[in-house]
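Enquirer: Sequential numbering from 0 applies to the sequence shown in numbering that gives the first Met the number 0.
Cβ atoms here follow ideal geometry from the backbone N, Cα and C, with glycine treated the same way.
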Amino acid sequence: MRFLPGLICLLPLLSPMAHAELIDDVNDRGELRIALEANTAPFNFKEDGKLTGFEVELGEMLAGELDVRPDFVVTDEADLLSGVESGKYDVAINHIAMTPELAERFDTSATYSQPDAQLLASKDEAQRPLVLAQSFQPQEKKGPAPNLVIPFQKGNPAFKASLDNALARIKDDGRLEQLSQKWLVKQD
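1. Give the DSSP-derived three-state secondary structure of residue 81 in the structure shown.
2. Mind checking which residues open and close the alpha helix (DSSP H) that includes residue 181?
3. Assuming residue 111 contacts residue 57 under a Cβ cut-off of 8 Å, what Cβ separation, rounded to an integer in Å, is found between them?
4. By how many angstroms is the C-alpha of residue 183 removed from the C-alpha of residue 15?
5. Would you say the stretch 20-35 touches the stretch 57-69, given that touching needs at least three Cβ pairs under 8 Å?
6. Considering only residues of the same chain and omitting the five flanking positions on each side of residue 43, which have a CB-CB separation below 6 Å?
7. Just the Cα atoms here: how many angstroms apart are residue 75 and residue 95?
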């Protein structure tokens, strides 16, 4: 019976819920692994072989606020969310709209944008047409603007708090608005 108190203290460590917090992994690596498709201007795309766009710059800002490097991983639609779910990537920043199905599979950041499809335009209007997240592509233009969020593995409350705080700082000091004006508002 002397060992019972010791065993009781160890039980939480044996639980499947006892895993390292994502924020600890990110801090240990010193980088935030960000999955994106890099094929949808103005959100994320390659220009002269270099990643650029609204979400690339947002990812850089978020990593900076978390005091780590951004590690962008270009992937495809089939691997994007499954890679986040499996832990291959920490987050996906790929104009992903909040849906009930997404909320069942992932925890998410606060909303970082509510783009109006009529206002969205790439810097070069001759580029291919803007395509938003699949979950709202059939949406009527008159419908509500989608809430774009950043999904990550469920069960990481400290990471969610850190990510949301970083996003709030970027919003509060005006950098998110400047980024939106630069990339998402049609310039006449």
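Expert: If we stick to the structure as given:
1. Against the sequence shown, residue 81 aligns to sequence position 82. Helix.
2. Taking the first residue of the sequence shown as 1, we reach residue 181 at position 182. From DSSP, the alpha helix (DSSP H) with residue 181 extends over 174-182.
3. To locate residue 111, count along the sequence shown from 1; it is residue 112. To locate residue 57, count along the sequence shown from 1; it is residue 58. That pair is a contact at about 7 Å.
4. Start at 1 with the first residue of the sequence shown, and residue 15 comes out as number 16. Start at 1 with the first residue of the sequence shown, and residue 183 comes out as number 184. Confidence is the limiting factor: at residue 15 the pLDDT is only 42, short of 50, which leaves the residue's position unreliable, though a coordinate-based value still follows. For residue 15 and residue 183, the distance between alpha carbons rounds to 42 Å.
5. Between the stretch 20-35 and the stretch 57-69, the count of Cβ pairs shorter than 8 Å is three or higher; the stretches touch.
6. Here the question's residue 43 lines up with position 44 in the sequence shown. Within the same chain, residue 43 has close Cβ partners 35, 37, 52, 54, 55.
7. Against the sequence shown, residue 75 aligns to sequence position 76. Against the sequence shown, residue 95 aligns to sequence position 96. Residue 75 and residue 95 have their alpha carbons spaced roughly 14 Å apart.
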